[in-house]
Amino acid sequence: MEKNRGIKRLLFALVYSWQGLIAALKHEEAFRQEFFAFVLLTAVSFYLDVTAVERLLMISSIVLVMIVEVLNSAIETVVDRVSTDKHKLSGRAKDYGSFAVLMTILIATATWLTILL
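Numbers given in the numbering used here equal positions in the sequence shown, counted from 1, plus 902.
Below, the structure is given as structure tokens:
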């Protein structure tokens, strides 16, 4: 299979990324909630008396949550594609992804609280 190169590859990557965002917003409730929080908290961060670096850390911590959420959704999608039967390894894979999301939410919360308090 011949792969696209140069600008064409970048354009296809942009299209695929856009499709991923639309799919996540359409099919993933948790991602929609985190995306809403990202938009709201990003706007709020510009009204806070924080440095540019602190604002960057605050926004980046929320973006990190969304990144891990999408990766978790990808894991869940692949597991469900392979089989919808209950299996302890399938459950474990989904639990690991969920735990990763929880950890990034805790990092984001700690980042915001550390900067604001």
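Built from N, CA and C at the ideal position, the CB exists for glycine as well.
Of the listed residues the options, nearest to residue i (C-alpha basis)
i            : options            : result
residue 977  : 994, 936, 918      : 994
residue 1027 : 923, 915, 906, 998 : Coverage of the chain is limited to positions 903 through 1019, which leaves residue 1027 absent and any answer about it impossible.
residue 1014 : 947, 999, 954, 986 : 947
residue 919  : 1012, 952, 969     : 969
residue 1017 : 951, 907, 916      : 951
residue 1006 : 939, 913, 964      : 964
residue 1019 : 956, 986, 983, 999 : 956
residue 979  : 990, 930, 942      : 930
residue 962  : 983, 937, 986      : 937
Contact under 9 Å by Cβ, residue i with residue j
i            : j            : result
residue 975  : residue 1002 : no
residue 1010 : residue 958  : no
residue 943  : residue 960  : yes
The alpha helix (DSSP H) enclosing residue i, as first and last residue numbers
i           : result
residue 928 : 908-929
Reduced DSSP category for residue i - H, G, I as helix; E, B as strand; rest coil
i            : result
residue 988  : coil
residue 950  : coil
residue 904  : coil
residue 1019 : coil
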